[in-house]
Amino acid sequence: MKLKNKKAIITGGGKGLGKATAIAFAKKGIDVAITGRNEKILKETVAELKAIGVNATFEIFDVGNYEEVKQGIKNIIATLGCVDILVNNAGIAAFGSLNEMEVSKWTAIIQTNVMGMYYVTKEVLPYLIEKNAGDIINISSTAGLNGNANTSAYSASKFAVIGMSESLMKEVRKNNIRVCVLTPSTIATDMAIELGITDGNVEKVLQSEDFAQLIVSALELPRRAMLTNASLWSTNP
Ligand SMILES: NC(=O)c1ccc[n+]([C@@H]2O[C@H](COP(=O)([O-])OP(=O)(O)OC[C@H]3O[C@@H](n4cnc5c(N)ncnc54)[C@H](OP(=O)(O)O)[C@@H]3O)[C@@H](O)[C@H]2O)c1
Numbered sequence: 677m678k679l680k681n682k683k684a685i686i687t688g689g690g691k692g693l694g695k696a697t698a699i700a701f702a703k704k705g706i707d708v709a710i711t712g713r714n715e716k717i718l719k720e721t722v723a724e725l726k727a728i729g730v731n732a733t734f735e736i737f738d739v740g741n742y743e744e745v746k747q748g749i750k751n752i753i754a755t756l757g758c759v760d761i762l763v764n765n766a767g768i769a770a771f772g773s774l775n776e777m778e779v780s781k782w783t784a785i786i787q788t789n790v791m792g793m794y795y796v797t798k799e800v801l802p803y804l805i806e807k808n809a810g811d812i813i814n815i816s817s818t819a820g821l822n823g824n825a826n827t828s829a830y831s832a833s834k835f836a837v838i839g840m841s842e843s844l845m846k847e848v849r850k851n852n853i854r855v856c857v858l859t860p861s862t863i864a865t866d867m868a869i870e871l872g873i874t875d876g877n878v879e880k881v882l883q884s885e886d887f888a889q890l891i892v893s894a895l896e897l898p899r900r901a902m903l904t905n906a907s908l909w910s911t912n913p
């Protein structure tokens with residue numbers, strides 16, 4: 677598929693995997709709307725995207741707040757005119773035993789990673805259905821394939837992302853909408869470094885741009901072909 681002049685929305689696009697994906701998209705000529713809660717990093721990233729030569733914009737909203745999501749997506753569509761690609765990337769993580777993690781923290785992980793993805797998808801989907809074309813890429817995790825001690829909230833959220841994505845894929849392929857769920861292992865971003873699960877060694881550990889390359893490759897498949905899921909691991913961390 678030719679990507680030039682397509683329009684994409686990337687949640688959590690100001691930094692980490694979302695930012696790397698936004699930059700990879702811009703290099704392919706895709707106009708990008710990025711979202712998040714931190715205005716400063718969103719503005720800086722939009723400036724970088726514009727310098728590459730595409731239209732870029734940002735919207736500030738909490739993906740876990742449905743009223744904010746509705747308004748934010750409406751504003752993006754008013755600016756971009758339409759949307760072809762949605763990358764549901766925004767997410768949070770925290771580790772701790774089910775017994776000890778505070779209810780508010782456990783709930784926030786589900787609200788952001790699951791409800792946030794549902795709210796954004798629900799608001800964007802009608803535009804893709806109307807076009808009878810589109811791509812939705814949802815970011816899960818290897819933690820969405822296996823539970824481990826101290827990952828109950830994060831694993832529950834990322835398992836849910838896989839289930840939601842598979843159901844949606846089966847609902848909307850008849851509308852020529854491709855739905856893909858990705859399950860990356862540890863990638864050197866603020867999230868992974870703050871969780872203490874990697875030192876981010878560039879020689880060894882997956883970098884955000886590696887992940888962005890996988891997303892671009894999935895989108896470039898002919899429209900008759902749909903990558904439904906994929907894992908990406910460091911070769912020898
Ligand atoms: N890094 C890894 O090892 C790894 C592995 C597997 C899966 N993942 C998944 O990949 C995605 C991106 O992670 P990352 O490593 O790039 O993390 P990151 O650097 O911490 O970035 C997370 C992004 O999500 C946004 N975000 C978080 N909560 C939000 C909310 N309530 N509303 C709106 N935006 C929100 C943040 O924006 P603001 O701060 O501006 O709100 C930020 O742009 C996540 O879904 C994560 O679970 C990461």
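Residue 677 is where the sequence shown starts when you use this note's numbering, and the numbers rise one by one after that. From the three backbone atoms N, C-alpha and C, an ideal C-beta is built for every residue, glycine too. Here the structure is a predicted model, which means the values were calculated and not measured.
Terminal residues of the alpha helix (DSSP H) in which residue i lies
i, result
"Val763", "Per DSSP, Val763 belongs to no alpha helix (DSSP H); it is in the beta strand (DSSP E), Ile761 to Asn764."
"Val800", "Gly792 to Lys807"
"Lys750", "Tyr742 to Leu756"
"Leu679", "Where Leu679 is concerned, there is no enclosing alpha helix (DSSP H), given that its DSSP letter is neither H nor E."
"Ile785", "Val779 to Ile786"
"Ile813", "Counting along the chain, Ile813 falls outside any alpha helix (DSSP H), though it belongs to the beta strand (DSSP E) covering Gly810 to Ile815."
"Ile869", "Asp866 to Glu870"
heavy atom of ligand 1 below 7 Å from residue i C-beta
i, result
"Met661", "Within the shown structure, residues of the chain are numbered from 677 to 913, placing residue 661 beyond reach of any answer."
"Pro802", "no"
"Val739", "yes"
"Asp866", "yes"
"Lys691", "yes"
"Ile752", "no"
"Pro913", "no"
"Ile786", "no"
"Asn877", "no"
"Ile812", "no"
"Ser817", "yes"
"Pro898", "no"
"Asn905", "no"
"Ile768", "yes"
"Arg713", "yes"
"Asn789", "yes"
"Thr733", "no"
"Ile649", "Given a span of 677 to 913 for the chain in the structure shown, any question on residue 649 remains unanswerable."
"Thr862", "yes"
"Asn826", "no"
Contact belief for residue i with residue j at Cβ below 8 Å, rounded distance in angstroms
i, j, result
"Glu735", "Ala709", "7 Å"
"Thr733", "Leu756", "7 Å"
"Ala769", "Met867", "6 Å"
"Ile813", "Ala894", "7 Å"
"Asp707", "Asn741", "Contact doesn't hold; Cβ gap of about 25 Å is too wide."
Pair within 8 Å by beta-carbon distance, residue i and residue j
i, j, result
"Lys683", "Val779", "no"
"Leu679", "Glu885", "no"
"Val855", "Ile838", "no"
"Ala702", "Ile728", "yes"
"Thr788", "Val745", "no"
"Gly690", "Gly712", "yes"
"Leu903", "Ile853", "no"
"Thr687", "Val790", "no"
"Ile815", "Leu693", "yes"
"Leu882", "Phe771", "no"
"Leu774", "Ser828", "yes"
"Asn905", "Thr859", "yes"
"Leu908", "Ser833", "no"
"Ile685", "Val800", "yes"
"Asn822", "Asn851", "no"
"Asn764", "Met793", "yes"
Segment limits, beta strand (DSSP E) that includes residue i
i, result
"Leu903", "Run containing Leu903: none; DSSP gives neither H nor E here."
"Gly689", "Run containing Gly689: none; DSSP gives neither H nor E here."
"Val708", "Asp707 to Gly712"
"Leu858", "Ile853 to Pro860"
"Phe734", "Ala732 to Ile736"
- Message: With three or more beta-carbon pairs closer than 8 Å as the criterion, would you say the stretch 873-893 touches the stretch 837-846?
- Response: Short answer: they don't touch.
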